[in-house]
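Visitor: Protein sequences appear in the order of chains A and B.
Per the numbering used here: the first sequence = residues 71 to 273.
Per the numbering used here: the second sequence = residues 930 to 1189.
By construction, the Cβ of each residue, glycine as well, lies at the ideal position given by its N, Cα and C atoms.
Since the structure is predicted, the reported quantities are computational estimates derived from the model, not experimental observations.
Okay, here's the structure, questions in a sec.
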Amino acid sequence: MHIVDGALSNPVVIGGAIAAAGGIAVGLKSLDLDRIPTAGVLSASFFVASLIHVPIGPSSVHLILNGLAGLLLGWAAFPALFVGLLLQAVFFGFGGLTVLGVNAVNIALPAVLAWLIFGRLIARGTPLHGAIWGGIGGAFAIAATTAFVAMSLALSGDEFLPAAKLVFVAHIPVMVIEGLLTGFAVLLARKVKPELFVKGSSA
Amino acid sequence: MAHALAPKATTLAETGSDAPYGVIGDLDPRVRIVMACVFAMVTVALVDIPSLIAALMVSVGLLILSRLPIRRTLKRMAMMDSFIIFMLVLLPFTMPGDEMFSVFGFPASWQGLWKAIEIGLTANAVILTLMVLVGTMEPVTLGHALHKLRCPEVLVHLLMFTVRYIEVLREEYLRLRGAMKIRGFRPGTNWHTYRSFGYLVGMMLVRAIERSERILGAMKCRGFSGRLLLLQEFSMTRKDHLFVTLLSALCLGLLFLDYV
């Protein structure tokens, strides 16, 4: 899901960087003293979770879980996921440097959207009810991320359009998996630590 | 941090000297970050294949200077290529232009091929330079250097926390996976696997939150007021000036090569 350097046109790269800076600024504002350790530890857990490979048929996919990150962190998911992307680019060579902004927007904006739309729904009702909304939120975040990636490519040139469409179709199984996993994760969290999402959605 | 994935590696949070990385390790971290950004912007601006090959050669030169394990680093770079190869292979078929050959009636264009090569070269040159110049830093040093480059303080704090706890949480993840394995869990494409992984992620997050509450308590107890004091000082030496001059000259040379 990472876009690399050199693929996008300059307006897209610059637009992405500005949008990312805005999102990070909003996210950082929501981080007061008490929430810095939480955001840091969660940012680290999502980094670790992205190393988990889940089998799907003969192949496997690695998790992104940006939907879950958004549901837990709200706007703070923006800087948290940005930090993850930065570390991945610098130390693992995934993605690129000039496209860091675009990549951050593509991953983190769906996370924030998932929180805005589904944040309250997952805290209400029975844990199962919350888990179903969580699952939808998780699948939605991946769908939105794929759509954003496709859009960044399409805006850079028509020749990427078929590739962008293919990327979207190829990610449908990933959306299902992420949705299922997010749903189960929310189900467990609601049962084990019910106050988790209540706090998360009000912060 | 790449070494963090190897077993028995030192943790990310250990500050130490970056000495093992040859000439590059001696440079001021701020210089390394800024020059990596400059080089990336210059490389992205290049459009000709020869100048892009020259840019890739510059980054390979930096790799040799850095004394990183060459094969392992190139392998990691190739891993990124495996992500984009799909898009690159598709490009000749989707970009209109002079026909090169056709597969099942789909024409492949030369323009598309050149574009794909261009993207491949740019991406590799930039990511290799980034890994060599910045990736050789201790993650903690990276945080300090970003702070000195006037990154928002909270963002740097977030980075430091993340770096500090990646290793801790990875150990927790491995412990949970071990516990699953010992109970006969084998991942496959089935409901049971997805439920188990979902619970695994959920458990990791619940524990992470509880851990962060303990961390906050411990930090408050020691007088944490929302600021971490970042005391590492950096200073520019003659080596840094020399490096900046040389790499800038190379960048200008690349732009010139591209222009003519």
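If I follow the unbroken beta strand (DSSP E) through residue 129(A), where does it start and stop?
Guide: Locating residue 129(A) in the first sequence gives position 59, where the first residue counts as 1. Residues 129–132.
Visitor: Please classify residue 1081(B): does DSSP put it in a helix, a strand, or coil?
Guide: As a first step, residue 1081(B) must be located in the second sequence, where it is residue number 152. Reduced to three states, the DSSP call for residue 1081(B) is coil.
Visitor: With a CB to CB cut of under 7 Å and the five nearest residues on each side skipped, what residues in its chain are close to residue 228(A)?
Guide: Position 158 of the first sequence, counting from 1, holds the residue named residue 228(A). Here the set comprises nothing.
Visitor: Could you check what DSSP says for residue 1066(B) in three-state terms: helix, strand or coil?
Guide: Taking the first residue of the second sequence as position 1, residue 1066(B) is located at position 137. Coil at residue 1066(B), not helix or strand.
Visitor: State the beta-bridge partners of residue 1031(B) as determined by DSSP.
Guide: By 1-based counting over the second sequence, the position of residue 1031(B) is 102. Answer by DSSP bridge pairing, in chain order: 1036(B).
Visitor: Using three-state DSSP, classify residue 126(A) as helix, strand or coil.
Guide: Along the first sequence, one-based indexing puts residue 126(A) at 56. Strand.
Visitor: For a test of the three-state rule: what should DSSP assign to residue 194(A), helix, strand or coil?
Guide: On the first sequence, position 124 is the one that residue 194(A) refers to. Three-state DSSP puts residue 194(A) in coil, outside helix and strand.
Visitor: Between which residues of its own chain and residue 257(A) is the CB-CB distance below 8 Å, once the five residues before and five after are set aside?
Guide: Stepping through the first sequence from its first residue, residue 257(A) is reached at position 187. Answer for residue 257(A): 197, 198, 200, 201, 204, listed in chain order.
Visitor: Taking residue 215(A) and residue 177(A) to be in contact with their CB atoms under 8 Å, please state how far apart those CB atoms are, rounded to whole angstroms.
Guide: As a first step, residue 215(A) must be located in the first sequence, where it is residue number 145. As a first step, residue 177(A) must be located in the first sequence, where it is residue number 107. Sure, about 6 Å apart at Cβ, within 8 Å.
Visitor: Please look up how many angstroms separate the CB atoms of residue 974(B) and residue 1055(B), rounded, as I've assumed it's under 8 Å.
Guide: In the second sequence, counting from the first residue as 1, residue 974(B) sits at position 45. In the second sequence, counting from the first residue as 1, residue 1055(B) sits at position 126. About 11 Å separates the two Cβ atoms, so there is no contact after all.
Visitor: What beta strand (DSSP E) runs, 3 residues minimum, are completely inside the region 76–127 of chain A?
Guide: Qualifying beta strand (DSSP E) stretches, in chain order: 123–126.
Visitor: Using a threshold of 8 Å, state whether the C-beta atoms of residue 122(A) and residue 1126(B) are closer than that.
Guide: Working through the first sequence from its first residue, we reach residue 122(A) at position 52. Working through the second sequence from its first residue, we reach residue 1126(B) at position 197. Yes, these two residues count as a Cβ contact at 8 Å.
Visitor: Can you check which of these residues, 1129(B), 1023(B), 1073(B), is closest to residue 224(A) by C-alpha distance?
Guide: Taking the first sequence and counting its residues from 1, the one referred to as residue 224(A) is at position 154. Cα-wise, what sits closest to residue 224(A) is 1023(B).
Visitor: Which residues of chain B have a Cβ atom closer than 7 Å to the Cβ of residue 125(A), listed in chain order?
Guide: The residue labelled residue 125(A) in the question sits at position 55 within the first sequence. By Cβ distance, chain B contributes 1116, 1117, 1118, 1122.
Visitor: Roughly how many angstroms lie between the CA atoms of residue 1138(B) and residue 1117(B), to the nearest whole one?
Guide: Walking along the second sequence from the start, residue 1138(B) turns up at place 209. Walking along the second sequence from the start, residue 1117(B) turns up at place 188. Near 29 Å, if we compare the C-alpha coordinates of residue 1117(B) and residue 1138(B).
Visitor: How would you write the range of the alpha helix (DSSP H) that residue 1125(B) sits in, first residue to last?
Guide: As a working note, residue 1125(B) is residue 196 in the second sequence. Note, residue 1125(B): alpha helix (DSSP H), 1120–1150.
Visitor: For a contact defined as C-beta to C-beta under 7 Å, what are the partners of residue 1099(B) on chain A?
Guide: Along the second sequence, one-based indexing puts residue 1099(B) at 170. Near residue 1099(B) (Cβ distances below 7 Å), the residues of chain A are 118.
Visitor: Is it the case that the CB of residue 1129(B) approaches a heavy atom of the ligand ZN more closely than 7 Å?
Guide: The ligand content of the structure shown is nil, which means the ligand ZN is not present either.
Visitor: Ignore the nearest five residues each way along the sequence and tell me which others in residue 75(A)'s own chain have a CB closer than 8 Å to its CB.
Guide: Working through the first sequence from its first residue, we reach residue 75(A) at position 5. If we look at residue 75(A) and ignore the five residues flanking it on each side, its Cβ neighbours are 166, 167, 168, 169.
Visitor: For the region 1084–1096 of chain B, enumerate the residues whose C-beta is nearer than 8 Å to any C-beta of chain E, in chain order.
Guide: The chain inventory of the structure shown lacks chain E, comprising the protein chains A and B.
Visitor: Please report the distance separating the alpha-carbon of residue 1070(B) from that of residue 985(B).
Guide: For the purposes of this step, residue 1070(B) is taken as the residue at position 141 of the second sequence. For the purposes of this step, residue 985(B) is taken as the residue at position 56 of the second sequence. Near 26 Å, if we compare the C-alpha coordinates of residue 985(B) and residue 1070(B).
Visitor: Tell me which same chain residues have a C-beta within less than 6 Å of the C-beta of residue 977(B), skipping the five on either side of it?
Guide: Counted from its first residue, the second sequence places residue 977(B) at position 48. Once the five neighbours on either side are set aside, the close Cβ partners of residue 977(B) are 1187.
Visitor: Mind checking the region 1045–1060 of chain B against chain A and listing, in chain order, the residues whose C-beta falls within less than 7 Å of any C-beta there?
Guide: From the region 1045–1060 of chain B, only 1047, 1048, 1051, 1052, 1055, 1056, 1059, 1060 have a Cβ closer than 7 Å to chain A.
Visitor: For residue 1015(B), tell me which candidate among 264(A), 234(A), 115(A) has the shortest Cα-Cα distance.
Guide: Taking the second sequence and counting its residues from 1, the one referred to as residue 1015(B) is at position 86. Of 264(A), 234(A), 115(A), the residue nearest in Cα terms is 234(A).
Visitor: By the criterion of Cβ-Cβ separation under 8 Å, what are the contact partners of residue 964(B) in chain A?
Guide: Taking the first residue of the second sequence as position 1, residue 964(B) is located at position 35. Within 8 Å Cβ-Cβ: nothing; residue 964(B) doesn't reach chain A, min ~12 Å.
Visitor: In terms of alpha-carbon separation, which member of 99(A), 218(A), 139(A) lies closest to residue 86(A)?
Guide: Here residue 86(A) refers to the residue found at position 16 of the first sequence. Checking every option, the nearest Cα to that of residue 86(A) belongs to 218(A).
Visitor: For residue 182(A) versus residue 154(A), is the C-beta spacing smaller than 8 Å?
Guide: Position 112 of the first sequence, counted from the start, is the residue given in the question as residue 182(A). Position 84 of the first sequence, counted from the start, is the residue given in the question as residue 154(A). No, the Cβ-Cβ distance between residue 182(A) and residue 154(A) is not below 8 Å.
Visitor: Name the chain B residues whose beta carbon is nearer than 8 Å to that of residue 235(A)?
Guide: Translated into positions along the first sequence, residue 235(A) becomes position 165. Per Cβ cutoff of 8 Å: no residues; residue 235(A) is ~10 Å from chain B at best.
Visitor: List the residues of chain B that residue 72(A) touches, going by C-beta distances under 7 Å, in chain order.
Guide: Walking along the first sequence from the start, residue 72(A) turns up at place 2. Neighbours of residue 72(A) on chain B, chain order: 1012.
Visitor: Is there contact here, the region 125–135 of chain A with the region 1139–1152 of chain B, by at least three beta-carbon pairs under 8 Å?
Guide: Cβ pair count under 8 Å is below three, so no.
Visitor: Spell out a yes or no on whether the region 1062–1076 of chain B and the region 83–101 of chain A are touching, meaning 3 or more CB-CB pairs, one atom from each, closer than 8 Å.
Guide: No: the two stretches stay apart, fewer than three of their Cβ pairs being nearer than 8 Å.
Visitor: State the start and end residues of the unbroken alpha helix (DSSP H) segment that holds residue 1026(B).
Guide: Position 97 of the second sequence, counted from the start, is the residue given in the question as residue 1026(B). It is not in any alpha helix (DSSP H) - residue 1026(B) carries neither H nor E in the DSSP assignment.
Visitor: Does the separation of the CB atoms of residue 1025(B) and residue 1038(B) fall below 8 Å?
Guide: For the purposes of this step, residue 1025(B) is taken as residue 96 along the second sequence, with counting starting at 1. For the purposes of this step, residue 1038(B) is taken as residue 109 along the second sequence, with counting starting at 1. Yes, the pair counts as a contact, with Cβ atoms nearer than the cut-off.
Visitor: If we call anything under 8 Å between Cβ atoms a contact, is residue 1136(B) one with residue 1101(B)?
Guide: What you label residue 1136(B) is simply residue 207 of the second sequence in a count that begins at 1. What you label residue 1101(B) is simply residue 172 of the second sequence in a count that begins at 1. Closer than 8 Å, so yes.
Visitor: How about residue 1050(B) and residue 149(A): do their beta carbons lie closer than 8 Å?
Guide: Here residue 1050(B) corresponds to residue number 121 of the second sequence, with the count starting at 1. Here residue 149(A) corresponds to residue number 79 of the first sequence, with the count starting at 1. No, the Cβ-Cβ distance between residue 1050(B) and residue 149(A) is not below 8 Å.
Visitor: Quick one: what does DSSP say residue 1201(B) is sitting in, helix, strand or coil?
Guide: Chain B is shown only over 930 to 1189; residue 1201(B) falls outside these bounds and no answer can be derived.
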